[in-house]
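To start, the structure itself, in structure tokens.
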Amino acid sequence: MTDINSPGTTDVDVETLMGLIRRRVHSLPDARYIMGEIEKGRLYADGILKPQPIRTGWKGWVKTRVSDFILRAVRLNFRFQEVFNHSVVGVLQLIAEDLHAHEKRLAVEGREEPRAVAPKFDHAAYEEKYLDPSPYLGGGLSIFREQLGEGDVVLVLPCGRGEMLSSFGANGLQAVGIDGDIFDYLNGSPDESFGGIYAGRVAERMTSEETMRLLELAGKKLKRGGVFVASAANIDHLPALRKFYMDPSLARPVPVRLLEFMLERSGLRVRHFRFSAPDGGEGSELIEPTLTREVYPYNYYTVAAVRD
0 MTDINSPGTT DVDVETLMGL IRRRVHSLPD ARYIMGEIEK GRLYADGILK
50 PQPIRTGWKG WVKTRVSDFI LRAVRLNFRF QEVFNHSVVG VLQLIAEDLH
100 AHEKRLAVEG REEPRAVAPK FDHAAYEEKY LDPSPYLGGG LSIFREQLGE
150 GDVVLVLPCG RGEMLSSFGA NGLQAVGIDG DIFDYLNGSP DESFGGIYAG
200 RVAERMTSEE TMRLLELAGK KLKRGGVFVA SAANIDHLPA LRKFYMDPSL
250 ARPVPVRLLE FMLERSGLRV RHFRFSAPDG GEGSELIEPT LTREVYPYNY
300 YTVAAVRD
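Position 93, counted from 1, in the sequence shown is what numbering that gives the first Met the number 0 calls 92; the numbers after and before it change by one each time, with no gaps.
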């Protein structure tokens with residue numbers, strides 16, 4: 000093929016000449032040229048080389064445009080790299096500052112005097128002075144005396160300081176009590192092992208879901224004909240409601256109709272309700288087979304339910 004750069008060429012084909020010109024104008028520079036321009040771009044960016052005057056002619060124009068493009072790309076890459084580097088350095092500096100602050104805090108805490116422990120509320124002493132469980136216990140004892148058979152054992156939940164178990168024994172009733180996790184104890188007990196279960200003010204310490212779980216377990220652990228007895232404050236009577244909030248161990252009041260509903264849902268059959276007043280005089284106790292009227296004059300209620 001004829002080379003237009005050859006000085007010895009005298010007869011040049013026009014079509015061949017135009018093809019060579021088009022390839023020179025439109026084809027990309029070779030790899031060696033591009034790498035050289037990139038290196039020059041880095042040197043320009045670092046200020047080592049100074050921009051050269053614009054070349055004349057079409058070859059100079061093409062090379063100038065390629066050089067400008069590469070130089071802009073290199074500078075843009077440097078700017079992105081600089082931003083990234085500053086970000087990484089900033090994060091590392093923040094981590095170092097946090098570690099330094101943590102070390103200083105540990106050093107200060109190591110020199111501090113031990114903090115005084117806040118005094119613990121003495122619930123046992125408070126209960127002995129202000130909270131008398133006997134009004135709630137009385138109704139349960141009379142129910143068990145009437146309903147239990149020979150050899151039946153009553154489970155007392157919870158047994159507290161032992162006065163409830165003592166009262167059961169003094170009334171000729173066999174009883175065992177727990178003062179730990181009620182559900183663990185019931186789950187570990189054989190089915191149909193108790194003639195009665197007494198839950199004195201237990202529902203007032205539980206959520207509705209926990210109470211339903213307790214009633215379900217009670218139905219399994221009671222013998223057929225066994226009695227479940229629960230007692231609580233009758234909050235329809237305002238003095239009883241005020242007294243309820245004197246006991247910090249109680250979580251929420253349980254109205255008598257709410258407990259009746261939960262007992263029915265659990266499968267235990269309600270036998271009757273007993274309402275008691277604190278004076279113990281005539282008319283101080285009311286026995287109702289069903290709740291057909293308001294019982295606001297009474298401070299406490301006890302409900303007896305049977306497993307059929």
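Even glycine gets a Cβ: it sits at the ideal position worked out from N, Cα and C.
Beta-carbon proximity list for residue i, same chain, < 6 Å, skipping 5 on both sides
i, result
"residue 287", "272"
"residue 151", "194"
Own chain, CB closer than 7 Å to residue i, minus 5 neighbours either side, in chain order
i, result
"residue 214", "261, 262, 265 and 267"
"residue 139", "197, 199, 228, 230 and 301"
"residue 236", "295, 296, 297 and 298"
Three-state secondary structure assigned by DSSP to residue i
i, result
"residue 202", "helix"
"residue 99", "helix"
"residue 274", "strand"
"residue 136", "helix"
"residue 28", "With a pLDDT of 49 at residue 28, under the threshold of 50, the modelled position of this residue cannot be trusted; read the value that follows with caution. Note: residue 28 maps to coil in three-state DSSP."
"residue 215", "helix"
"residue 244", "coil"
"residue 284", "strand"
"residue 161", "coil"
Residue j beta carbon less than 8 Å from that of residue i
i, j, result
"residue 219", "residue 178", "no"
"residue 259", "residue 302", "yes"
"residue 194", "residue 253", "no"
"residue 156", "residue 201", "yes"
"residue 212", "residue 182", "yes"
"residue 304", "residue 270", "yes"
"residue 185", "residue 163", "no"
"residue 223", "residue 306", "yes"
"residue 290", "residue 255", "yes"
Identity of the residue in the options nearest residue i by Cα
i, options, result
"residue 209", "192, 180 and 187", "180"
"residue 257", "168, 207 and 130", "207"
"residue 120", "187, 226, 238 and 246", "246"
"residue 276", "239, 118 and 251", "239"
"residue 149", "217, 104, 98 and 225", "225"
"residue 192", "176, 101 and 221", "221"
Same chain, Cβ closer than 8 Å to residue i, five either side skipped, listed in chain order
i, result
"residue 168", "174"
"residue 144", "170, 171 and 172"
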